[in-house]
Every structure is written in C-alpha cells, then in structure tokens.
Amino acid sequence: MKNNQPVTQREYVLKDGVAIISKTDAKGRITWVNQDFIESSGFHETELLGKAHNIVRHPDMPEEAFRDLWATIKSGRPWSAMVKNRRKDGDHYWVRASVTPQDDGGYMSVRQRPSRDDIDTAETLYREMRTGRCAVRLTGGRLLKAGLLGRVGQRLDDLTIASRLWGMAGLALLSILGVGLESWRISGRADASPTALWAIMVVGSLAICAITMWLSRTVVGQLHAITEATRTWPG
1020 MKNNQPVTQR EYVLKDGVAI ISKTDAKGRI TWVNQDFIES SGFHETELLG
1070 KAHNIVRHPD MPEEAFRDLW ATIKSGRPWS AMVKNRRKDG DHYWVRASVT
1120 PQDDGGYMSV RQRPSRDDID TAETLYREMR TGRCAVRLTG GRLLKAGLLG
1170 RVGQRLDDLT IASRLWGMAG LALLSILGVG LESWRISGRA DASPTALWAI
1220 MVVGSLAICA ITMWLSRTVV GQLHAITEAT RTWPG
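1020 is the number of the first residue of the sequence shown in our numbering; add one for each residue after it.
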C-alpha cells in the first residue's frame, strides 16, 4: 500500500457544507475533480489529473479499508465509510466518503465533512486495526462483527429495500392473523360467526399488500433514479 510522507498529524478541518467530488477511471486514475477537492487536498489541479487517487491516501488508513473498497466497487456496489486523507503539506482531513461505480467503468467519489464523534470513533477503530488489537473485516464500508450474530446482521444489511418492505409486510400480516385467531378463540361462543372477523383480516391484509407494493415501487424507483443520475454525473 502506498505510504505518502511526510505526515504532520495536524488536522485540517473542512468547512461546513463542503462537497469534495472526484471521478476516476477503472484503474483509479483521477479524471476530474471539483474545486472543493483541490482546496481540501492542497494540490493544484494539474498535480491531480491523471494521477492515482491514492495521492491523497494517509498512511494511518488500515489496508483492510482499501481491500474492502475495491472488492465492493468492483462488484458493482457502492461503498461508504470514514476516510482519513493526507494533504500535500502532510496535514490530514477526515471525510465521509461514498464511492459509486459509473457506467463508463470508472468511479465517482463524493466526500462530506463528518461529525466529531464519527471522527473520534474512526480514529480509535483504525488505530486498533493497524496495531492488530481489533481483528475485524469490513464489508461495503460496514464493520463486520464476528460470530453468528455478525453473519446474520450482514445478511439483513444486504437485503434490498424492497425485500425489507415485504418482510415488514409479512410480519404485519402474521400479526393480524394471530390477533384475529386469538380473538375468535377468546370469544368462545358456539354461535359466533367468524365472517366479520375474517372480512376484517382479509381487508387489512390486502391494504398492507397494496401499501407495500406502492412503497416498493415509488421509493425504490426514486432511489434507482438518483443512482442513475450519479452514474452520469458530468465531469
């Protein structure tokens, strides 16, 4: 992994509302940067274009973060995590980075100023990862916990929004069915007609399915449109 030197361990605090954006080709070479990128990195535009994006890599970043980054984006999925970058003068700045694969085979990275709590948490975690005191793996920028619970959590995190919506709908339907059957059992009257109760259960179930289908189409459709817009970002 490239080790850019020197480093000063002085933090360069990003301005509020800053949006650092860059585009790279399939090999990670910078093809376009915005003004916020230039100002934050301390490099001139001519020093950035055509160079590998690791020109701003800070040696305090653990190798696992970049292994996960490339494994994620090469599979066509977006990646998001905290990143410590190095400025030209050796100072550093923290960003919340989101990297998205583009239709042309390259990648677009958008970075924003994180909160101080996020910075402190990432600083501690990455230090422990570098020293071997925290043997963890990342997946999609997320911390993968060890054991069965970690694997289950990863599977749940990997579910699409549509799958999560239908899962919630399924749980709601089971709840309606359970409440209905229990109400019928508690009534205990031989002459009690279940018709009205079943009618309510059916109507409620259909309503949940209709709402879920609408949410799935609108929310997922809007997110898909946003993703496609970022894939064709000019520059």
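We put the CB at the ideal spot given by N, CA and C, even for glycine.
query: In the DSSP assignment, find the beta strand (DSSP E) that holds residue 1117 and state where it starts and stops.; result: 1111-1120
query: Could you say which of 1117, 1132 and 1026 lies nearest to residue 1160 if we only look at CA atoms?; result: 1117
query: Between residue 1034 and residue 1132, is the Cβ-Cβ spacing less than 9 Å?; result: yes
query: Alpha carbon to alpha carbon, how far is residue 1028 from residue 1105? Give it in angstroms, no decimals.; result: 9 Å
query: In this structure, what does DSSP give as the bridge partners for residue 1040?; result: 1129
query: For residue 1074 versus residue 1053, is the C-beta spacing smaller than 9 Å?; result: no
query: Is it true that the CB of residue 1112 sits closer than 9 Å to the CB of residue 1041?; result: no
query: For the putative contact between residue 1092 and residue 1126, defined by C-beta atoms under 8 Å, what is the C-beta separation to the nearest angstrom?; result: 6 Å
query: Can you tell me whether residue 1087 is buried or exposed, with buried defined as 16 or more other CB within 10 angstroms of its CB?; result: buried
query: For residue 1102, which of helix, strand or coil comes out of DSSP?; result: strand
query: Taking buried to mean at least 16 other C-beta atoms within 10 Å of its own C-beta, is residue 1100 buried or exposed?; result: buried
query: Name the one or two DSSP bridge partners that residue 1090 has.; result: Partner(s): none; residue 1090 has no beta bridge.
query: Are residue 1044 and residue 1124 touching if we call contact CB-CB under 9 Å?; result: yes
query: Please classify residue 1209: does DSSP put it in a helix, a strand, or coil?; result: Interpretation of residue 1209 is limited by its pLDDT of 45, a score under 50 that renders its predicted location unreliable; the figure taken from the coordinates is listed afterwards. The answer is coil: DSSP assigns residue 1209 none of H, G, I, E or B.
query: Which residues in the same chain have their Cβ closer than 8 Å to the Cβ of residue 1138, if we skip the five residues on either side of it in sequence?; result: 1101 and 1113
query: Here's the rule: buried if 16 or more other CB atoms are within 10 angstroms of the residue's CB, otherwise exposed. What is residue 1072?; result: buried
query: Which same chain residues end up closer than 8 Å to residue 1025 when comparing Cβ atoms and leaving out the 5 residues on each side of it in sequence?; result: 1109
query: Quick one: grab the DSSP three-state call for residue 1071.; result: strand
query: Indicate the three-state DSSP secondary structure (helix, strand or coil) for residue 1065 in the structure shown.; result: helix
query: Reducing DSSP to helix, strand and coil, say where residue 1076 ends up.; result: strand
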